[in-house]
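In UniProt numbering, the protein residues as written are 1 to 95.
For each residue, glycine too, the CB sits at the ideal point set by N, CA and C.
Source: prediction; values computed, not measured.
Heads up, the thing below is written out as structure tokens.
Pasting the structure below:
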């Protein structure tokens, strides 16, 4: 669930006093997810577990870098990797 949806779950429960079944329908998730978000908010005052480590590795290329790559490859399909790396370094400061 996104952070925005998690905050909405908390708001729906504590500000609008909706039932868990209604919240699950609004959020389009299972009741167990609603209970999990409410428990985290009750225990930690936030909608994400502060002790849980982030999964995966940080992305090397963001959406801007991706869009630069796509436009360069579209404009020049025969571009070499070293040339593409140079473009990314110049335009996005990505090594």
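Check whether residue i and residue j have beta carbons under 7 Å apart
i          : j          : result
residue 31 : residue 20 : yes
residue 59 : residue 38 : no
residue 41 : residue 47 : yes
Residue environment, residue i, which counts as buried when at least 16 other CB atoms sit within 10 Å
i          : result
residue 64 : exposed
residue 70 : exposed
residue 9  : buried
residue 23 : buried
Cβ-based neighbour list, residue i, same chain, cut-off 8 Å, excluding 5 preceding and 5 following
i          : result
residue 89 : 95
Residues near residue i by beta carbon distance below 7 Å, same chain, minus five either side
i          : result
residue 68 : 87, 88, 91 and 92
residue 52 : none
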